[in-house]
Each structure stands twice: as structure tokens, then as C-alpha cells.
Amino acid sequence: SADQATRRSSRVLVWILSLVAGAGALFLVLSLLRGPTPTSPEVAIQPAAPSIAGPEGPEVKADPVTEGRPAASAGVPVLLPDMSSTSPIALGALDAPRPKTPGGDASAAPARVAAAARATRPGPSPAPGLLPGRSMDVVLEARGRTFVQLLCDGSERANRVMESGETVHAQCVGVVRVSAADAGATSLSVNGFLCLPLGDPGTRAYGYTIRIDDYARICPPTGRETDDRP
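Take 36 as the starting number for the sequence shown in this note's numbering and just add one per residue.
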């Protein structure tokens with residue numbers, strides 16, 4: 036019985052070894068039929084792209100901007116880095132130079148000196164009382180007893196009954212308005228020149244107006260030739 040058990044074990048072992056050997060032979064045959072195992076797509080070897088500079092072109096140096104970046108796979112074209120915001124072209128380093136100002140042109144110096152001399156040359160002096168921008172020195176005089184109102188630049192300087200010979204002085208820069216109960220009992224002068232009468236004697240004058248830009252016409256320095264009452 037011991038011999039029979041030994042024989043059975045030997046047969047089982049032989050069958051197992053036969054199965055293993057057969058499986059190995061089958062795997063080998065399949066491997067030969069399929070050819071070499073393809074590599075991973077990520078590391079597949081591809082033909083190198085032709086050089087842009089040609090076979091004898093200069094060697095392309097590594098861009099310092101690409102330092103620290105992972106190297107590209109073999110056969111994959113390397114993309115050039117985009118222009119950064121600090122590129123000289125982006126900052127306008129290639130802009131056309133601006134034309135220089137002719138500050139150092141010696142030929143323009145005499146013309147500038149002549150123009151400055153003409154600008155500083157004093158013009159003819161205007162007649163007294165007609166200086167542009169000058170204020171109006173107003174004098175209101177009562178030639179008889181009458182009620183008078185004087186407004187200077189909107190400010191009231193007189194609003195009462197004035198006696199004969201009484202005067203009111205005011206310094207105005209814009210507008211003078213005079214009202215009187217008796218126009219013939221008052222007289223008005225600006226900057227020393229007598230103005231046209233406020234109205235006929237015995238009549239009431241209201242809103243007699245003189246402005247800084249027309250007082251020379253109402254109070255002419257050459258005297259009253261026409262009765263142009265405002």
C-alpha cells in the first residue's frame with residue numbers, strides 16, 4: 036500500500052509539472068506571436084523634430100526663463116515662453132525716440148529777445164480816469180434839499196434826505212445806482228469828471244445806473260456835449 040501511495044504522489048507531481056511546463060510554453064509562444072511589449076504612451080519614443088536652424092545651424096541655448104521647469108519629453112517640440120510683462124518690447128523700449136526740443140538752438144535766441152523786448156515795451160498811457168480795471172471814485176452832491184438813495188456794488192451808501200451842499204463819497208468797482216426825489220437838485224461825478232444830469236429839475240430819478248465799463252461815456256472827461264442820460 037505504501038508503494039501505491041508513493042506512485043500516486045509521483046503521478047500527481049508529474050501532472051503538475053507537465054501543466055506548468057505547458058503553460059510556460061504557451062505563454063512563450065503567445066509572446067513571440069505578439070512581438071515586443073509596447074511602452075507607455077507617456078514615454079513612447081518618437082522621431083525627433085527637425086531643427087529650425089538646419090543641420091548646421093547654431094546651437095540653441097536654454098532660455099533662463101525656463102529654469103526650474105520640468106524638461107519636456109523626448110521628441111516633444113519645446114514651446115517658446117510667452118512674452119512676460121517685463122519684456123522690453125512690452126515696456127515700450129523699442130518706441131521711436133521723441134524729437135528733442137529746440138532749446139539749445141542759438142538761432143532762435145535773437146527772435147526770442149526781440150519778442151520779449153516788444154512785450155515789455157510800455158504802451159501809450161490812457162487819459163486820467165480811464166485806466167482799465169480802475170475803481171470808480173463816486174461823489175454825490177446835493178444842490179438842494181432832496182431825498183437821495185445811493186447804491187454802490189449793491190451796498191447802500193445813502194438813503195436819506197440830503198441838505199444843499201452835502202456830499203456822499205463812495206468807492207465802487209462794478210455798478211453805481213442813484214435815485215433822487217428831485218433830479219435837478221443832485222449832481223454826480225466819477226473819478227473827478229462830472230456826469231450827465233440825473234434828469235430834469237423837479238422830476239424824480241430812479242435807477243440812474245453807471246457801470247465800470249461805460250462810466251467814461253456817461254461821465255466824459257471832455258465835458259458834456261450831448262445829453263445821453265442813462
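Heads up, the beta-carbon is just placed ideally off N, CA and C, and yes, glycines get one too.
Query: Nearest-angstrom beta carbon gap, residue 210 and residue 173 [assumed within contact, 8 Å]; Result: Residue 173 to residue 210, Cβ: 11 Å. No contact.
Query: Which of helix, strand or coil DSSP assigns to residue 245; Result: strand
Query: Expected contact under 8 Å - CB spacing of residue 171 and residue 247 to nearest Å; Result: 6 Å
Query: Buried versus exposed, by CB contacts within 10 Å (16 or more), residue 249; Result: exposed
Query: Contacts around residue 196, its chain only, beta-carbon distance under 6 Å, and the 5 residues preceding and following it disregarded; Result: 182
Query: Sub-8 Å separation of residue 176 and residue 222 beta-carbons; Result: yes
Query: Boundaries of the alpha helix (DSSP H) in which residue 38 is found, first to last residue; Result: 37-69
Query: Three-state secondary structure (DSSP) of residue 270; Result: Nothing in the structure corresponds to residue 270, since the chain is present only between 36 and 265.
Query: Distance, residue 233 Cα to residue 243 Cα; Result: 6 Å
Query: Contacts around residue 108, its chain only, beta-carbon distance under 6 Å, and the 5 residues preceding and following it disregarded; Result: Interpretation of residue 108 is limited by its pLDDT of 49, a score under 50 that renders its predicted location unreliable; the figure taken from the coordinates is listed afterwards. Taken in chain order, the list of residues that qualify is empty.
Query: C-beta atoms of residue 208 and residue 193 nearer than 8 Å; Result: no
Query: Start and end residues, beta strand (DSSP E) containing residue 192; Result: 190-197
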